[in-house]
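Just below is one structure, and these are the notes that go with it.
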Amino acid sequence: MKFRSYILLLLLLSVLSVGCKKVSEPSAGARINVMVSIEPMATFVEAIGAERVNVTVMVPRGANPHTYEPKPSQLRAVSRAGLYAKVGSGVEFELMWMDRIVKLNPKMRIVDSSAGIELLRVERDKEHDGHESHEGRSDPHIWTSPVNAIKMVENIYSGLVTLDPEGREVYRANKEAYVKKLKGLDGSIRALLKGKEGTRVIVYHPAWAYFASLYGLEEVSVEHDGKAPTPQGVARLVKMAKEERIRIVFTSPEFSMRAAEVIAREINGEVERISPLKREYIENIERVAEAFSKL
Ligand SMILES: [Zn+2]
């Protein structure tokens, strides 16, 4: 009887909210609306929350989280969210918008997925940019390391449990299963990249430093502080690539291909596309590791 009246109340409430606000999406029932900034985070939240959550990604597929601005409809959706799992490591989208997002829904719980993760400093390139304008900036791309991903998943898990204690057992079982998969991913990459220590990887956008430092590779980026390289910068990279017999320049669909293509042409090599932002986290990182293992 109690349960039935609860269902009736829910129905009534959803009818009312559709009636007065013209919500276009179907009612998600008792699911918790969770917002995240980037797609890999959606995978983490869904892996833990499964049917108890409804995840919305702010920066859509193919968009650049360093420059993206949310649509008004996305900002309106914030009012329905119970939780925002932010990356927390200084992704520009969050630096620019988080304060405003919090103001739109002050009751929403915020999880900092980066808690407990040691941030890397952004590599300084003095020749490229002599001005110390961004001195001390940290590298926001923490999720490219599967070991960091485990910490992020633990942080998201804690946030979900605090918000929805009834789901604790479901969340814990799901979280443990996913952490096991991430540990498996880490182990297989260690095996795959064994003996590759010190290998330099040329990437257009510097998203792979956490991955590289975990597995002993060295990331060399074409872009610095979000700026395309100068002709001298390109010349230096070409020289280095020739000396080290590097034949591949990695680029991602979110960023310009041009400079990467110029370098690839100069070294008689090719451009290969990888993305740090694919939603299918494990499969994507596996694919990137395979690509790096061929260097
Ligand atoms: Zn990036």
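Going by this note's numbering, the final residue of the sequence shown carries number 522, and the count climbs one at a time with no gaps.
Ideal Cβ positions, reconstructed from N, Cα and C, are used throughout, including at glycine.
Residue-level contact to chain B via CB, residue i, 9 Å cutoff
i: R364; result: Structure shown: chain B not included; a single protein chain is present.
Residue i (DSSP reduced to helix, strand or coil)
i: M262; result: strand
i: V449; result: coil
i: K466; result: helix
i: A376; result: helix
i: S300; result: helix
i: S365; result: strand
i: Y295; result: coil
i: Y311; result: strand
i: D326; result: helix
i: E345; result: coil
i: E499; result: strand
i: F477; result: strand
i: D413; result: helix
i: K407; result: helix
i: R399; result: helix
i: R514; result: helix
i: T283; result: strand
i: I494; result: coil
i: R485; result: helix
i: V272; result: helix
i: V305; result: helix
Beta-carbon proximity list for residue i, same chain, < 6 Å, skipping 5 on both sides
i: G496; result: R474 and I475
i: I337; result: Y311
i: L444; result: T426 and V428
i: N291; result: E481
i: A277; result: N401
Exposure label - residue i; buried when at least 16 CB within 10 Å
i: G289; result: exposed
i: D326; result: exposed
i: S300; result: exposed
i: G309; result: buried
i: A342; result: exposed
i: K334; result: exposed
i: K378; result: buried
i: L504; result: buried
i: E446; result: buried
i: G394; result: buried
i: P433; result: buried
i: P367; result: buried
Alpha-carbon spacing of residue i relative to residue j, whole angstroms
i: K410; j: R258; result: 28 Å
i: E499; j: K469; result: 17 Å
i: V284; j: L419; result: 32 Å
i: P267; j: R506; result: 5 Å
i: I466; j: E493; result: The residue you asked about is not Ile; residue 466 is Lys in the sequence shown. About 9 Å.
i: K313; j: Y405; result: 19 Å
i: P373; j: N332; result: 31 Å
i: K330; j: I512; result: 35 Å
i: G453; j: F519; result: 23 Å
i: I344; j: R514; result: 24 Å
i: P297; j: V286; result: 7 Å
i: E424; j: Y398; result: 37 Å
i: L412; j: V380; result: 14 Å
i: S448; j: E321; result: 23 Å
i: G317; j: M323; result: 10 Å
i: I265; j: S440; result: 22 Å
i: G315; j: V263; result: 11 Å
i: S415; j: K421; result: 10 Å
Sequence-distant residues of its chain with Cβ nearer than 7 Å to residue i (five each side left out)
i: K408; result: I509
i: T523; result: Any question about residue 523 goes unanswered here, given that the chain covers just 228 to 522.
i: D375; result: Note on residue identity: the sequence assigns Asn, not Asp, to residue 375. Answer for N375: I344, I369 and Y437, listed in chain order.
i: Y295; result: V286 and F320
i: E471; result: R427
Same chain, Cβ closer than 8 Å to residue i, neighbours up to 5 away in sequence not counted
i: R417; result: Y442
i: G363; result: R348
i: S502; result: S479, P480, E481 and N511
i: P456; result: H355, V449, E450, L464 and A486
task = Report yes or no: do three or more beta-carbon pairs, one from the stretch 473-492 and one from the stretch 449-461, lie closer than 8 Å?
result = yes
key: Stretch pair the stretch 386-401 + the stretch 298-307: three plus CB contacts closer than 8 Å   = no
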